[in-house]
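The next block holds one structure in the form of structure tokens; read it before the comments.
Numbering (the numbering used here), first residue to last: 143 to 235.
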């Protein structure tokens, strides 16, 4: 996997993701996840230490009332979409 910082975003495997982009993971006509690319602080819920991190995240629209579910790292979003066989759709800002 190739990752590099670009102005106002990140390039992962030659695809640019900019802060503010809306992204959507779709399998057929079904949206399985969606949100807005952001750079910020997120809580790592998988361990008992090093709980807070900073990086590229997706602010997920489907979970507005749950902090833990409302943010997913951009890489987790992309990997989950790939495992589900989803296609990523963009709405560039």
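All C-beta atoms, glycine included, are put in the ideal place defined by N, C-alpha and C. What you are looking at is a predicted structure, and each value in this text was computed from that prediction instead of being measured.
- A buried status is given to residue 216, since no fewer than 16 other beta-carbon atoms sit within 10 Å of its beta-carbon.
- 8 angstroms or more divides the Cβ of residue 165 from the Cβ of residue 151.
- In this structure, the CA atom of residue 167 is about 5 angstroms from the CA atom of residue 230.
- Counting only residues of its own chain and dropping the five nearest sequence neighbours on each side, residue 153 has a CB closer than 6 angstroms to the CB of 146.
- Scanning its chain for C-beta atoms nearer than 8 angstroms, with the 5 sequence neighbours on each side dropped, one finds around residue 203 the residues 176, 177 and 178, in chain order.
- If you draw a straight line from the Cα of residue 221 to the Cα of residue 227, it comes to about 10 angstroms.
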